Amino acid sequence: MAGRDITDERQFELSGTESFGESDWITGLHPMDVLLRGERLPHIWCQGCGLGTALTTFIGALQWLEKNQGWDLDKVSVVSGIGCTGRIAGYIRLDSFHTTHGRAIPFATGLKLANPELKVVVISGDGDIAGIGGNHFIHAARRNLDITVICVNNFNYGMTGGQVGPTTPHAARAVTTQYGNFEYPFNLPYLAAASGASFLARWTVIHARRLEWTLREAMMYPGYSFVEVIAPCSTSYARWNPEGRGLDPEKLRRRGLELMKHYQAIGKVAHGTHPKDAAIKVNKEGAIIEIVEGVFSDEPKPDFQTAIDEQVQIAKGRWQATQKALSERSQIPKRTDIIRRTEVQLGGFGGQGIVSAGRIIGQAATIYDKLEACFTQSYGPEARGGAAGSQVVIASDPIHHPHLIEPTNAIIMSQEAYAKYVPKLATGATLLIDDGLVTLPEERRQDLKTYGIPATQIAEELGNSRAANTVMLGLWTAIIGAVSKSAMQRSVADAVPPKTVEVNLNAFEAGFNKGLHDQGSNAV
Amino acid sequence: MQPMRSHEGLLIGEHFLLGDYAAAEGAIMAGCRFFAGYPITPATEVAERMSTRLPQVGGIYIQMEDELASMNAILGASWSGAKSMTATSGPGFSLMMENLGLGIMLETPCVLVNVQRGGPSTGLPTLVGQQDMMQARWGSHGDYEIIALSPNSPQELFDLTIRAFNLAEKFRIPVLVMTDAEVGHMTERVIIPPPEEIELIQRPLVRKGDVDPDHFRIYRDPESGDDGDVSPMAIAGEGFRFHVTGLTHDERGYPAMNAEASEWNIKRLVKKIRLHRDEIIQLEERHLEDAEIIVVSYGISARTSLWPIEQAQKEGIRIGYLRLITVWPFPEERIRALAKNIRAFVVPEINDGQILREVERCAAGQAQVIGVNRLGGDILEPQQVLSALRAAAGKPDTAEADMS
Ligand SMILES: Cc1ncc(C[n+]2csc(CCOP(=O)(O)OP(=O)(O)O)c2C)c(N)n1
Ligand code: SF4
Numbered sequence: 015m016a017g018r019d020i021t022d023e024r025q026f027e028l029s030g031t032e033s034f035g036e037s038d039w040i041t042g043l044h045p046m047d048v049l050l051r052g053e054r055l056p057h058i059w060c061q062g063c064g065l066g067t068a069l070t071t072f073i074g075a076l077q078w079l080e081k082n083q084g085w086d087l088d089k090v091s092v093v094s095g096i097g098c099t100g101r102i103a104g105y106i107r108l109d110s111f112h113t114t115h116g117r118a119i120p121f122a123t124g125l126k127l128a129n130p131e132l133k134v135v136v137i138s139g140d141g142d143i144a145g146i147g148g149n150h151f152i153h154a155a156r157r158n159l160d161i162t163v164i165c166v167n168n169f170n171y172g173m174t175g176g177q178v179g180p181t182t183p184h185a186a187r188a189v190t191t192q193y194g195n196f197e198y199p200f201n202l203p204y205l206a207a208a209s210g211a212s213f214l215a216r217w218t219v220i221h222a223r224r225l226e227w228t229l230r231e232a233m234m235y236p237g238y239s240f241v242e243v244i245a246p247c248s249t250s251y252a253r254w255n256p257e258g259r260g261l262d263p264e265k266l267r268r269r270g271l272e273l274m275k276h277y278q279a280i281g282k283v284a285h286g287t288h289p290k291d292a293a294i295k296v297n298k299e300g301a302i303i304e305i306v307e308g309v310f311s312d313e314p315k316p317d318f319q320t321a322i323d324e325q326v327q328i329a330k331g332r333w334q335a336t337q338k339a340l341s342e343r344s345q346i347p348k349r350t351d352i353i354r355r356t357e358v359q360l361g362g363f364g365g366q367g368i369v370s371a372g373r374i375i376g377q378a379a380t381i382y383d384k385l386e387a388c389f390t391q392s393y394g395p396e397a398r399g400g401a402a403g404s405q406v407v408i409a410s411d412p413i414h415h416p417h418l419i420e421p422t423n424a425i426i427m428s429q430e431a432y433a434k435y436v437p438k439l440a441t442g443a444t445l446l447i448d449d450g451l452v453t454l455p456e457e458r459r460q461d462l463k464t465y466g467i468p469a470t471q472i473a474e475e476l477g478n479s480r481a482a483n484t485v486m487l488g489l490w491t492a493i494i495g496a497v498s499k500s501a502m503q504r505s506v507a508d509a510v511p512p513k514t515v516e517v518n519l520n521a522f523e524a525g526f527n528k529g530l531h532d533q534g535s536n537a538v
Numbered sequence: 515m516q517p518m519r520s521h522e523g524l525l526i527g528e529h530f531l532l533g534d535y536a537a538a539e540g541a542i543m544a545g546c547r548f549f550a551g552y553p554i555t556p557a558t559e560v561a562e563r564m565s566t567r568l569p570q571v572g573g574i575y576i577q578m579e580d581e582l583a584s585m586n587a588i589l590g591a592s593w594s595g596a597k598s599m600t601a602t603s604g605p606g607f608s609l610m611m612e613n614l615g616l617g618i619m620l621e622t623p624c625v626l627v628n629v630q631r632g633g634p635s636t637g638l639p640t641l642v643g644q645q646d647m648m649q650a651r652w653g654s655h656g657d658y659e660i661i662a663l664s665p666n667s668p669q670e671l672f673d674l675t676i677r678a679f680n681l682a683e684k685f686r687i688p689v690l691v692m693t694d695a696e697v698g699h700m701t702e703r704v705i706i707p708p709p710e711e712i713e714l715i716q717r718p719l720v721r722k723g724d725v726d727p728d729h730f731r732i733y734r735d736p737e738s739g740d741d742g743d744v745s746p747m748a749i750a751g752e753g754f755r756f757h758v759t760g761l762t763h764d765e766r767g768y769p770a771m772n773a774e775a776s777e778w779n780i781k782r783l784v785k786k787i788r789l790h791r792d793e794i795i796q797l798e799e800r801h802l803e804d805a806e807i808i809v810v811s812y813g814i815s816a817r818t819s820l821w822p823i824e825q826a827q828k829e830g831i832r833i834g835y836l837r838l839i840t841v842w843p844f845p846e847e848r849i850r851a852l853a854k855n856i857r858a859f860v861v862p863e864i865n866d867g868q869i870l871r872e873v874e875r876c877a878a879g880q881a882q883v884i885g886v887n888r889l890g891g892d893i894l895e896p897q898q899v900l901s902a903l904r905a906a907a908g909k910p911d912t913a914e915a916d917m918s
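So the sequence lines, in the order shown, correspond to chains A and B. For the first sequence, the working numbering gives the first residue as 15, with consecutive numbering after it. For the second sequence, the working numbering gives the first residue as 515, with consecutive numbering after it.
Listed below in structure tokens is the structure:
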């Protein structure tokens, strides 16, 4: 395979004008350049944007984990969605995935589940995570999968130019809420908590050191951890809202800094706050007047992976049982006579085993008699109101058309099924009924060969009314002859619960004997 | 290096198996160890089977919150090195289009089974359709090539799901298994050979130590290597510290926002498929040599055309049969060549004429193209197809033929 012999350097020769490896960017001039894709700088972010600080704290936390916890950063993957924040995946020198808008969390879910050794961190914007990706956000929290979700909240959709988002405060302005936001925002930690997340925190980027400490904790946390990072959007959010009023739009860096200062002034560090009390407060104009910060909750819950691992043992035990049953299957000689296309209609009500009876015929025909068989069952509207129907086509040759075209015989176990299916039977077809349940009407098709047996009653007498379908199968086998008796007996035994094999085989025998007796003589 | 394949938990032998289950068993045999999905009739049984079977072979089954998530989860799993799959039907297929595109753009091997039901919208949840064939080709935005296979029986659902994985791995692309409610919900004999007899292809992969991460290119420039070939992939956690993005990108996977980059990027995506068409396209052909009429069909509709074809042959009409086992890429050259010498193509399908358009495009006026259509809800009636064959041959449509 191709994967094996790829050692030929030529295959990886560089192209174009690029003559250096990426690590030429790692100069040591900056303490973080090992984890930055220097070749991609300058970044696309505006001056004064809080995202640079968010990235710095994230890298700081990773370096700390590498140094103090022995983390192998080769095993850390970063997944982002789309937006200004989403670009972080492209600037950090780790395995990094820039996915689609809102979908970072499910992508991360697959990445982590398929390789639990990885540490997977999602970092994306508030619109991405709580807007378009909101459903994924709450479900990942509910599962408590061991990933870290960092949501940078700048109160608007930055990348697309400052539209309102799911975190824009009420009454605040955005390019699409020029008269003030008439909606109410999410309180993200509260949403995550209600969804089942157990590690919850929020910091503004001005509290960079504490944010970094929390990010370390969050990444070390065994289970789903969520950190909301409040960051200024110097270009858009600051433009429209009181926090940025009076600040020179030409001086974006200053505008961002002023916003940070504002966040510092109104930030209220209160660890252990109940997330419901952590809503971001605004005044009537939509100006943000209080941001509660800190680690709100960290109560570990059983991790998702552990729950999955526990199931594996049960599943493997089940497989052993299946294998044993399969290996005990005995074979019979292949049938050599030619069976012409035989179409069987089965009908009754739910609980009578109409579907399983059809399957039993199909399995007997294919697995034991080595004929061709195609089994289908009625679904949906056709199978409503307690009605059950199934169909089998049997033949020696390949079956091109899987449906019944002209049913050559039928097993009918309810009056309703009689009314529904009997008119469709082929001329001269054979009809088998449970005559304890189906009464033949005065006016009926005279072309049919009809046989009756009180199948349900016989099954009850044998001690299990659920074996009524097996009585019918016995009758069918004797009269139709398309499938051999020994094939049918084996197939019945394969299909029914082990404890009921005996009663079912007795039921089959009862039906079969009646069939032999009736055949040719006293059709009803 | 790939770990030794474990045969523990693999189902082998002859089984009377539901089509959807056969797809699941095929996937497991192909080495699929990750499934993410969301319940939808008539594909649910694929998920159900996977949920019991995957833990038995050490794999992961997860039910996601929707099909957007399912598609993403299998992409993520693939980047962790797992062979991964999802299964859905129309409404879910629509939701998967977004990240099918991501899978194509990131060049991610994975398999998507669509057990088609009647549409549009919620349509006919329990009843058959073949109405997503064009969506399979063009459903995600932008230019790309796709691979789609169409099985006509549970046995083929098993076989083609394995083939889908092999193609996905080989070409680093999501592969579609476009089956339908009829095949997915039918139970027939499925013969599962022992694993030693099944050829499996693994993605071209670089592992730790194979190449200096500094010089590794996740998307090798086709100009510098063999044109249109597939780049070796790295998976997460191996120290390559690669970046991939759904944005238009360069060979390093870095965003590149300009027309040249777009040209380079899209050409990669289409070339790797177009240059290997002959290998990917699989057709079943019968009696094409002296045919005056050729039936072009796929999946269940091809299968149900066999009886009317035999019937028409008995009536003296020279009919050939061309079944698209691979629907996409479409066998353009084959159809073009055949069009020169025949009177008409007849295209039975359970939709308003989707693959018909492709046949028409390739026939380019050289042969007539006649659709036989049913708009979802049921398979084609043999008599309907037979009538179309007679009409195509210019014969009167009189006698009812006997099925037996
Ligand atoms: C499906 C889809 N819809 C819309 C967009 C356009 N879009 C790109 S970024 C973005 C908003 C991002 O906002 P947020 O997540 O808050 O991140 P920020 O840019 O503020 O960091 C939108 C709507 C898209 N890329 N994909
Ligand atoms: S638009 Fe806002 S969030 Fe985006 S980079 Fe500029 S300042 Fe930052």
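Using N, Cα and C, we set each Cβ at its ideal position, and we do this for glycine too. On a predicted model such as this, the values are computed, not experimentally measured, just so you know.
Rounded to the nearest angstrom, how far is the Cβ of Ala-401/A from that of Glu-430/A, given a contact under 8 Å? 6 Å
Helix, strand or coil: which one does DSSP assign to Gly-739/B? Interpretation of Gly-739/B is limited by its pLDDT of 47, a score under 50 that renders its predicted location unreliable; the figure taken from the coordinates is listed afterwards. It is coil, neither helix nor strand.
Rounded C-alpha distance that separates Lys-781/B from Leu-789/B: 11 Å
Flag Trp-59/A as yes when its Cβ comes closer than 7 Å to any non-hydrogen atom of ligand 2, and as no otherwise. yes
Phe-196/A burial status per 10 Å Cβ neighbour count (16 or more: buried): exposed
Cβ neighbours of Ala-650/B in the same chain (closer than 6 Å, five flanking residues each side left out): Ala-662, Leu-690 and Met-692
Return yes when the C-beta of Ala-699/B is under 7 Å from any heavy atom of ligand 1, and no when it is not. The sequence as given places His at residue 699/B; Ala does not occur at that position. For ligand 1, not one heavy atom lies less than 7 Å from the Cβ of His-699/B.
Interface partners of Phe-530/B on chain A, CB under 8 Å: Arg-373, Gly-376, Gln-377, Thr-380, Ile-381, Ala-387 and Phe-389
Spatial distance of Phe-458/A from Leu-340/A (CA atoms): The sequence shown places Arg at residue 458/A, not Phe. Using only the alpha carbons, I get a separation of about 45 Å.
Per DSSP, Phe-240/A is paired with what? Val-163/A and Leu-214/A
Count the other CB atoms within 10 Å of the CB of Ser-520/B; is the residue buried (16 or more) or exposed (fewer)? exposed
So with CB distances below 7 Å, who are the chain A contacts of Trp-778/B? The premise fails here: Trp-778/B is roughly 10 Å from chain A at the closest Cβ pair, so nothing lies under 7 Å.
What did DSSP end up calling Tyr-171/A once you bin it into helix, strand or coil? strand
Decide if the stretch 278–290 of chain A is in contact with the stretch 192–208 of chain A; the criterion is three or more beta carbon pairs, one per stretch, under 8 Å apart. yes
I want to verify the contact list: residues of chain B whose CB lies under 7 Å from the CB of Trp-333/A, in sequence order. Gly-523 and Gln-570
Do we get a CB-CB distance below 8 Å when we pair Leu-797/B with the residues of chain A? no
Does the distance from the C-beta atom of Asp-694/B to that of Gly-540/B stay below 8 Å? no
Please work out which residues of its chain come closer than 7 Å, Cβ to Cβ, to Ile-676/B, disregarding the five sequence neighbours upstream and downstream, and give them in chain order. Gly-540, Met-543, Ala-544 and Ile-712
Interface positions of the stretch 119–144 of chain A facing chain B (Cβ-Cβ less than 7 Å), listed along the chain: Pro-120, Phe-121, Ala-122, Thr-123, Gly-124, Leu-125, Leu-127, Ala-128, Asn-129, Glu-131 and Leu-132
Taking a Cβ distance cut-off of 9 Å, strictly less, list which residues of the stretch 622–654 of chain B are near chain A, in chain order. Leu-638, Pro-639, Thr-640 and Leu-641
Could one say the Cβ of Gly-210/A lies closer than 8 Å to chain B's Cβ atoms, at least one of them? no
So, do the stretch 850–860 of chain B and the stretch 797–814 of chain B have three or more beta carbon pairs nearer to each other than 8 Å? yes
Which term fits Thr-444/A, buried or exposed, when burial requires 16 or more other beta carbons within 10 angstroms of its beta carbon? buried
Using a threshold of 7 Å, is the CB atom of Ser-94/A nearer than that to any non-hydrogen atom of ligand 1? no
Would Asp-317/A count as contacting chain B if we go by Cβ distances under 8 Å? no
To the nearest angstrom, how far is the alpha carbon of Asn-887/B from that of Val-861/B? 8 Å
With 16 other CB atoms within 10 Å as the buried threshold, where does Ile-705/B fall? exposed
Does the Cβ of Ser-138/A lie closer than 7 Å to at least one heavy atom of ligand 1? yes
Residues of the stretch 176–194 of chain A in Cβ contact with chain B at a cutoff of 9 Å, in chain order, please. none
Confirm, please, whether the CB-CB distance from Ile-588/B to Thr-602/B is below 8 Å. no
For the 8 Å Cβ check, are there 3 or more pairs between the stretch 32–51 of chain A and the stretch 715–732 of chain B? yes
Is any heavy atom of ligand 2 found at a distance shorter than 7 Å from the C-beta of Thr-249/A? yes
Any residues in the stretch 408–423 of chain A with a beta carbon nearer than 7 Å to a beta carbon of chain B? Which ones, in chain order? His-414, His-415, Pro-416, His-417, Ile-419 and Glu-420
Mapping the DSSP letters down to three states, classify Ser-29/A as helix, strand or coil. Reliability fails at Ser-29/A, whose pLDDT of 41 lies under 50, so the model's placement of it is uncertain and the value that follows must be treated cautiously. Three-state result, Ser-29/A: coil.
Hey, how far is the Cα of Gln-334/A from the Cα of Ala-561/B? 21 Å
Beta carbon of Thr-99/A: closer than 7 Å to some heavy atom of ligand 1? yes
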